[in-house]
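Chains as they are written, first to last, in this note's numbering: chain P, 10 to 248; chain U, 470 to 760.
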Amino acid sequence: MLNVEHLQAFYGNAQALEDISFTVNEGEIVCLIGNNGAGKSTTLMSISGIIKQKQGTIQFNGEDISQLPAHKIVSKGIIQVPEGRRIFPTLTVEENLKIGGFLKGKISKARLEEIYSIFPRLKERRKQLGGSLSGGEQQMLAIGRAMIGEPKLLMLDEPSLGLAPQIIDMIFDSIIALRKSGMTILLIEQNAELALDVSDRAYVVELGKCVLSGECEVLRNDQQIQSIYLGQHEQESVV
Amino acid sequence: MYLDILVSGLAVGCIYSLIAMSYSLIFRSSGVLNIGTGEFVMVGGLVGYSVISTLTTNYYLSIIIAMVIAGTVGYLANTLVFHPIQKRGGQDVHVLIASIAILISLPQIGALLWGAEPLSFPNNISQGQVNLGVTQISGMSFLIILLSFAIMIVFQVFFRFTRLGQAMRAIADDRIMSQLLGVNNHKYIAIIFLIAGGLTGIAGVLLGPIYYASYDMGTIGVKAFAAAVVGGFGNVTGAVIGGILLGLIEAFGGTMVSSQFRDLILYGILIAVMLFRPTGILGIKQRRDTA
């Protein structure tokens with residue numbers, strides 16, 4: 010479905026991505042794991058067309074999308090939930106959801122209800138401003154907002170960031186539910202343990218390069234992964 | 470007498486509000502601080518004058534034509550100047566310099582086309598009186614207030630309830646996120662420049678009959694900019710409040726304290742407001758535009 014080959018990206022003169030290659034097949038959850046600053050978010054922003062200085066190929070269902078503007082990429086069915094959720098603070102919850110389906114035209118009540126049935130909390134708060142929600146509610150809204158655009162490929166950037174453990178469980182339960190409904194997902198997580206739990210395959214990104222890839226089951230037992238990512242995560246959580 | 474001052478202050482304040490809205494709309498959607506906004510007012514005023522003195526005697530028609538022309542000038546300013554500069558990596562300061570260029574060059578073009586003499590609108594537009602039961606007020610002021618409030622209400626409804634208006638608010642909140650949901654920012658920002666230019670065009674034709682139209686009438690933009698900042702820069706409702714407040718302070722300060730020191734009083738109060746509320750009455754809303 011998504012095929013990224015030798016992707017390089019630049020911020021001005023600084024090269025942020027050196028060589029990123031990976032594939033996401035239909036119906037899969039694929040995750041990119043790696044440390045902060047490894048280039049995971051830059052990869053998503055490049056796929057979404059926000060970062061325009063790039064080389065290499067990004068193919069979606071066989072079509073090269075690497076030179077398309079951001080809104081055209083959304084219309085192809087690639088929707089991103091960015092890091093930090095980026096809820097529109099001065100729009101209400103319901104207005105945030107409606108903007109999610111901007112390219113779908115007028116959003117029906119029934120469609121809104123579908124999202125509210127996944128995240129009932131959002132219905133309670135639908136008249137509230139986006140900026141007044143808690144972190145967990147914002148994450149639910151961000152995912153709901155992306156869902157309403159009916160993505161073919163959903164890209165989630167650090168959905169666990171800054172959330173309490175029980176909220177993280179809830180968010181990941183909803184990711185698993187999405188996957189069961191047939192959604193294809195590209196997941197980015199610093200929390201490698203969590204990511205390897207829900208994903209089918211994983212790629213390890215270091216300093217703008219994909220250095221390792223494989224089935225999550227295999228990677229989980231890899232000595233190197235255990236010591237660098239799974240081990241390190243435990244250290245972090247102690248701190 | 471107080472009622473007259475109130476009405477005329479409110480009328481001028483409404484004109485400030487329309488221009489201040491234009492400043493805020495442009496700034497919050499595109500990040501452009503367009504110092505040249507006042508010059509779009511001049512375009513509106515002079516075009517309105519030409520229309521009413523040569524084409525038609527219908528004042529409303531002149532408002533509509535001036536709105537369209539000033540809107541086009543606003544649209545072109547974005548398409549030919551601001552957007553290309555931003556796209557090529559220009560920073561805020563470069564955009565600001567470009568807008569100063571507009572501020573300086575547009576009046577020169579205005580003087581070339583319309584001459585340097587102030588041009589008076591026909592008297593019959595501004596002479597009428599409106600009966601309000603016990604008292605009479607100026608028909609022109611009444612029209613300005615009525616039209617301005619109607620425009621402000623239309624804007625509130627547009628931004629609140631239409632799909633396009635909501636998308637524009639989304640752009641204003643976060644320019645990256647709106648693109649990530651499929652909003653074509655470039656297109657909608659261009660439309661906002663068109664609308665903002667149109668607003669100032671209306672302001673120009675409304676201003677003409679109570680003062681005059683001339684190549685240098687764009688200096689009103691400075692006061693409107695102040696009004697936008699006092700209300701909370703980037704906030705459209707704040708722009709309305711700031712404009713009306715400025716108009717009233719100016720009217721009462723000018724007639725009841727001293728007409729000579731009218732501007733001194735006005736800007737003195739302005740500085741005082743900024744000292745107590747540096748972000749303006751309704752506060753500045755933050756915009757995100759980095760990935």
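C-beta: ideal position from N, C-alpha, C; glycine also.
| query | result |
| --- | --- |
| Might you give, ordered along the chain, the residues of its own chain that have their beta carbon closer than 6 Å to the beta carbon of residue 511 (chain U), omitting 5 neighbours on each side? | 579, 686, 687 |
| So that I know if they touch, is there some Cβ in chain P lying closer than 7 Å to that of residue 704 (chain U)? | no |
| Pick out the complete alpha helix (DSSP H) segments inside the segment 121-168 of chain P, 4 residues or longer, and give them in chain order. | 129-133, 144-156 |
| Using DSSP with H/G/I as helix, E/B as strand and the rest coil, what is residue 652 (chain U)? | coil |
| Quick one: using the 10 Å Cβ neighbour count with 16 as the cut-off for buried, is residue 51 (chain P) buried or exposed? | buried |
| Give the DSSP-derived three-state secondary structure of residue 23 (chain P) in the structure shown. | strand |
| Among all the DSSP beta bridges, which residues are the ones paired with residue 483 (chain U)? | Beta-bridge pairing links residue 483 (chain U) to no other residue. |
| Going straight from the alpha carbon of residue 550 (chain U) to that of residue 489 (chain U), what length do you get? | 21 Å |
| Give a yes or no on whether 7 Å exceeds the smallest Cβ distance from residue 552 (chain U) to chain P. | no |
| Taking 6 Å as the limit between beta carbons, can you name the residues of its chain near residue 499 (chain U), skipping five residues before and five after? | 658 |
| Using three-state DSSP, classify residue 695 (chain U) as helix, strand or coil. | helix |
| Please list the partners that residue 108 (chain P) has in chain U, where partner means a Cβ-to-Cβ separation under 8 Å. | 635, 636, 639, 647, 650, 652 |
| Return no unless some Cβ of chain P is closer than 7 Å to the Cβ of residue 561 (chain U). | no |
| If you reduce the DSSP assignment to three classes, tell me which class residue 115 (chain P) lands in. | coil |
| Looking at the C-beta of residue 99 (chain P), does it have a partner C-beta in chain U at a distance below 7 Å? | yes |
| Mind checking whether residue 203 (chain P) and residue 169 (chain P) have CB atoms under 7 Å apart? | yes |
| Against chain U, with Cβ distances strictly below 7 Å, would residue 24 (chain P) count as a contact? | no |
| Mapping the DSSP letters down to three states, classify residue 12 (chain P) as helix, strand or coil. | strand |
| Quick one: what's got a C-beta closer than 7 Å to residue 242 (chain P)'s C-beta in the same chain, skipping five residues either side? | With a pLDDT of only 47 at residue 242 (chain P), under the threshold of 50, the placement of this residue in the model should not be trusted, and no figure is reported. |
| Which value, in whole angstroms, describes the spacing of the CA atoms of residue 739 (chain U) and residue 239 (chain P)? | 58 Å |
| Can a CB atom of chain U be found closer than 7 Å to the CB of residue 244 (chain P)? | Reliability of the predicted coordinates at residue 244 (chain P) is poor, the pLDDT of 48 falling under 50, and no value is obtained from them. |
| What's the C-alpha gap between residue 701 (chain U) and residue 146 (chain P)? | 29 Å |
| Whole angstroms are fine: how far does the CA of residue 193 (chain P) sit from the CA of residue 159 (chain P)? | 11 Å |
| Say whether chain U places a C-beta atom closer than 7 Å to the C-beta of residue 152 (chain P). | no |
| Between which two residues does the alpha helix (DSSP H) carrying residue 535 (chain U) extend? | 528-545 |
| So, does the segment 659-678 of chain U touch the segment 534-541 of chain U, judging by three or more C-beta pairs under 8 Å? | yes |
| Answer with buried or exposed for residue 49 (chain P), where buried requires no fewer than 16 other C-beta atoms within 10 angstroms of its C-beta. | buried |
| Determine the burial state of residue 526 (chain U): buried for a count of at least 16 other Cβ atoms within 10 Å of its Cβ, exposed for fewer. | exposed |
| Output the distance between the C-alpha atoms of residue 218 (chain P) and residue 34 (chain P), rounded to the nearest integer angstrom. | 20 Å |
| Could you tell me the distance, in whole angstroms, from the CA atom of residue 737 (chain U) to the CA atom of residue 750 (chain U)? | 16 Å |
| Taking one C-beta from the segment 81-99 of chain P and one from the segment 636-651 of chain U each time, how about it: are there three or more such pairs within less than 8 Å? | yes |
| Closer than 8 Å between beta carbons: that is the criterion. Which residues of the segment 136-152 of chain P meet it against chain U? | none |
| Is there contact between the segment 712-731 of chain U and the segment 600-612 of chain U, where contact requires at least three CB pairs shorter than 8 Å? | no |
| With distance defined between alpha-carbon atoms, name the residue in U:623, U:684, U:695, U:628 nearest to residue 573 (chain U). | U:684 |
| At a CB distance below 8 Å, what residues from the segment 613-632 of chain U approach chain A? Give them in sequence order. | No chain A is present in this structure, whose protein chains are P and U. |
| Anyone know if the C-beta pair for residue 480 (chain U) and residue 610 (chain U) falls short of 7 Å? | yes |
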